[in-house]
Amino acid sequence: MREFPKPKVVISRCIEFDNCRYNGQMIASDFAKSLVPYVDFLPVCPEVEIGLGVPRGSLRLVSSAEGGEMETRLVQPATGRDVTSEMQSFAASFLDSLGEVDGFILKAGSPSCGIKNTKVYPTAGKSAALSRSEAGIFGRAVLARHSDLAVEDEGRLRNPRVKEHFLTKLFTLASFREVERLGSMGELVGFQAKNKMLLMAYHQTEQRALGEIAANHDHRPFDEVAREYRAHLRRAMCRAPRYTSNINVLMHILGYFKDRLSSAEKAMFLENIQRYRDGKVTICPNTTLLKSWIARFEDDYLMGQTFFEPYPQDLIVVDPVVSHKGRDLWK
């Protein structure tokens, strides 16, 4: 099993850390709890940080046309208080002092922390109809500076595909940050080699560009190379791989063994590929077969590919609906 550096993750403090929501409650998140042994969390509650108490009157994003231009304000309907400037100032100072981080898990739908789909109203009145949705004030500041990191809200992370991409990106960026800390071209070349298949699945063009950067044919200083590599790595991982890209990588890896497998083995693998293409199975039967052949033929290069283990295996959760660990339906 791989060893993973601990990513640094900013998290809304109301998610499993403190009863600091406007109503004095805390948000339960099995996912956040599962991460505790594997990441360094940096909890923050922007609303408390700007002086709002617990409990407190809820906040609302409100459209405003002051000055002739439409803008979104952060308002407390119960008091009429506009805290937009305070929130913007806190967000700027917090992010300025944050240092290196790898990701954010923010409260879904929060007028301060939301990163998308936060309700915006035409007035602060309780009866006002929904106008549109956008990011909260703090969430918007995070996205403006760190959209290339692993940034999600706790609601979206209930989706297995979103969670898979978030974890893969989070631990890949943390691993690269460790390469930067070590400051060695050898470590950078090793990182590129171990992540080649993963990066190929994410973005083939960027994967080739990253290979050229890591090769460093011009013998540039490490800091300069690492800075360019970081930008391309984040660009490569901006969105989850398409299933067709995963199939391309699976077939690429099959090529390492095609002359050493029986016709029946290859046929079984290709049948699983087609079932994956048709959405009838996950990628797991294919990767399991490949890993069995990697072990059988003792291929150290493929054995070390992060494509097969991009984040700690203990964070893999099988849906209880399909797991044998679920409720006994025959009792």
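Everything in the sequence shown is counted per this note's numbering, starting at 121 for the first residue and increasing by one.
For glycine and all other residues, C-beta sits at the position ideal for the given N, C-alpha and C.
Identity of the residue in the options nearest residue i by Cα
i	options	result
Thr192	Tyr241, Val130, Pro361, Lys236	Tyr241
Asp216	Val262, Val203, Gly173	Val262
Val174	Leu218, Ala360, Met146, Cys358	Met146
Lys128	Ala212, Phe296, Asn139, Asp138	Phe296
Ile170	Glu136, Ile393, Gln196	Gln196
Asp268	Ala415, Asn366, Val221, Lys451	Val221
Asn406	Gly399, Ala415, Ser230, Leu390	Leu390
Ser230	Ala211, Leu218, Leu181	Leu181
Asp284	Ile257, Tyr322, Phe311	Residue 284 is actually Glu in this sequence, not Asp. Comparing Cα-Cα distances from Glu284 to each of Ile257, Tyr322, Phe311, the minimum goes to Tyr322.
Met371	Phe286, Ile403, Val282	Ile403
Asn368	Ser178, Met317, Leu226	Met317
Pro163	Lys227, Leu194, Ser178, Gly256	Lys227
Ala198	Leu172, Ala185, Leu218, Ser209	Leu172
Ile257	Gly234, Lys239, Leu277, Arg278	Gly234
Tyr376	Leu422, Phe342, Arg355, Ala387	Leu422
His266	Arg301, Ile225, Gly306	Ile225
Glu167	Phe161, Ala152, Asp160, Val203	Val203
Ser132	Phe124, Ala148, Glu123	Ala148
Glu344	Ser304, Thr325, Pro361	Ser304
Within-8 angstroms CB hit, residue i to chain B
i	result
Val168	The structure shown contains no chain B, having only a single protein chain.
Those residues which DSSP pairs with residue i across a bridge
i	result
Gln196	Arg201
Lys128	Asp160
Ala270	Gly223
Thr238	Glu254
Glu191	Ser184
Ile147	Ile135
Classification of residue i by the beta-carbon crowding that lies within 10 angstroms, buried from 16 upward
i	result
Met320	buried
Asp420	exposed
Gln327	buried
Tyr363	exposed
Glu418	exposed
Gly223	buried
Glu272	buried
Asn366	buried
Asn143	exposed
Ser205	exposed
Glu189	exposed
Leu449	exposed
Met121	exposed
Thr288	buried
Span separating the alpha-carbon of residue i from that of residue j
i	j	result
Gly200	Arg176	13 angstroms
Ala313	Gln425	8 angstroms
Ala475	Val299	There is no way to answer for residue 475, as the model of the chain reaches only from 121 to 451.
Asp150	Glu274	10 angstroms
Pro280	Leu435	11 angstroms
Tyr158	Lys126	6 angstroms
Asn139	Cys165	10 angstroms
Ala185	Phe286	37 angstroms
Pro432	Gly245	47 angstroms
Cys358	Leu290	11 angstroms
Glu385	Gln394	14 angstroms
Glu254	Leu179	15 angstroms
Arg276	Leu302	34 angstroms
Arg347	Leu381	42 angstroms
Leu293	Lys451	46 angstroms
Ser383	Ser412	16 angstroms
Arg447	Asp439	12 angstroms
Any non-hydrogen atom of the ligand ZN within 7 angstroms of residue i CB
i	result
Leu226	By its list of ligands, the structure shown contains no ligand whatsoever, and the ligand ZN lies outside what it can speak to.
**Q.** Segments assigned beta strand (DSSP E), at least 3 residues, entirely inside the segment 335 to 390
**A.** None, since the segment 335 to 390 contains no complete beta strand (DSSP E) of that length.
Q | Start-end ranges of the alpha helix (DSSP H) lying completely within the segment 284 to 337, minimum 4 residues | A | List check, alpha helix (DSSP H) in window: 305 to 314, 316 to 322, 324 to 335.
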